[in-house]
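Only one structure is covered here, and it is reproduced in the block below.
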Amino acid sequence: MAAAKLPPQVLEALFSYIDISDLRNCALVCKNWYRYLNDENNDVWRFNCVRKLAEEALKSDVLKNVPTYKAKLRAFYHAWNPSDCSRNMYVKQNGFTVHRNPVAQSTDGSRGKIGFRAGRHCWEIWWEGPLGTVAVIGLATKNAPIQCQGYVSLLGSDDQSWGWNLVDNHLIHNGDNQGNYPTLNNAPKYQVGERIRVILDCDDNTLAFEKNYEFLGVAFRGLPDTPLYPSVSAVYGNTEVSMVYLGPPLDG
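Read in this note's numbering, the sequence shown has 216 at position 229, and its numbers run on one by one without any break.
In structure tokens form, the structure reads like this:
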């Protein structure tokens, strides 16, 4: 096949005009094309990364733990959904940070663009501003509310969401306190800026967390077989929460 013998500079020019969604099919054409596209730092992925991502995101440290151009693109397509957050929140120009406006007596949430129903997934999430009285990270289905009155644990308030309140280290689901997390004596409280890794195992139906590269244990078991979205709920005015999808978790 003549296509299999095209040199890298020709492949680069060819693939740069092809939509990202079609590049996976291109990788199946032949070994040469697969090998070229399997290089996650080649010029095709760099070109698409520069074209899709905001310059602010590429120049800041928001993506510091996402090393390759292809991985940065993947993180962008999994980031906060501007169309799936409270009216009191908006996604900033960098595409990875959600900002809560200073609205009194309101709890506001946001979900990621992609929900997961199979496989194992990991993402980082961190607060860039005060937590306030309630600051919850976790998961939600599309049926979970993204705004309510008062200052409450919105994420975890019903049977459609599961949350960890970073303020008091409590787990919440179906409106009930599920106990302290992590299950350590005098567990340290979250410090603003710390990156927490959220680990979702759809094969084992569990949700776990990791902080400072220390596995904190399984937080929730028996998750349902339905698309589950990275989620957050916040109450403090002008606080910001960033989220970066990392892909499958690295065991060990």
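Every residue, glycine too, gets a C-beta built ideally from N, C-alpha and C.
Predicted model, so just to flag it, every value in this text is computed and none were measured.
Q) Taking Cβ positions, are A127 and R98 nearer each other than 7 Å? A) Contact: yes.
Q) Within this structure, are the beta carbons of N68 and V90 separated by less than 7 Å? A) no
Q) Considering only residues of the stretch 152 to 235, which uninterrupted beta strand (DSSP E) runs meet the minimum length of 3 residues and lie entirely inside it, listed in chain order? A) 157 to 160, 163 to 167, 183 to 188, 193 to 198, 201 to 208, 216 to 221 and 227 to 234
Q. When DSSP labels each residue in this structure, what does V85 get in the three-state scheme?
A. Strand at V85.
Q.
Is I7 close to chain C? Criterion is C-beta to C-beta, closer than 7 Å.
A. Absent here is chain C; the protein component of the structure consists of one chain.
(Q) Rounded to the nearest angstrom, what separates S73 and E197 at their Cα positions? (A) Those two C-alpha atoms are separated by around 27 Å.
Q: Alpha carbon to alpha carbon, how far is P169 from T241? Give it in angstroms, no decimals.
A: Residue 241 lies beyond the range of the chain shown here (-12 to 239); nothing can be said about it.
Q. Where does G239 land, buried or exposed, given buried means 16+ other C-beta within 10 angstroms?
A. Only weak support is given to the placement of G239: the predicted model assigns it a pLDDT of 47, under 50, and the question is left unresolved by the model.
Q.
Using only the alpha-carbon positions, how far apart do G256 and N172 sit?
A. For residue 256 there is no data in the structure shown, the boundaries of the chain being -12 and 239.
Q) In chain order, what residues of the same chain have a beta carbon less than 7 Å from the beta carbon of Q147, not counting five sequence neighbours either side? A) A127, T128, N130 and A131
**Q.** Unbroken alpha helix (DSSP H) run spanning C109, endpoints
**A.** Boundaries for C109: no alpha helix (DSSP H) harbours it, while the beta strand (DSSP E) harbouring it runs R107 to W114, taken from the DSSP string.
Q | D212, buried or exposed, once every other Cβ within 10 Å from all chains shown has been counted against 16 | A | exposed
Q | C-beta contact flag for I159 and G143 at 7 Å | A | Yes, these two residues count as a Cβ contact at 7 Å.
(Q) Using DSSP's beta-bridge definition, name the partner residues of Y77. (A) H86
Q: Starting from the C-beta of A206, find all residues in its chain whose C-beta is less than 7 Å away, skip the five residues before and the five after it, and write them out in chain order.
A: W151, L158, Y168, L194, A195 and F196
Q. Leaving out five residues before and five after G119 in sequence, what residues of the same chain have Cβ atoms less than 6 Å from its Cβ?
A. V222 and Y223
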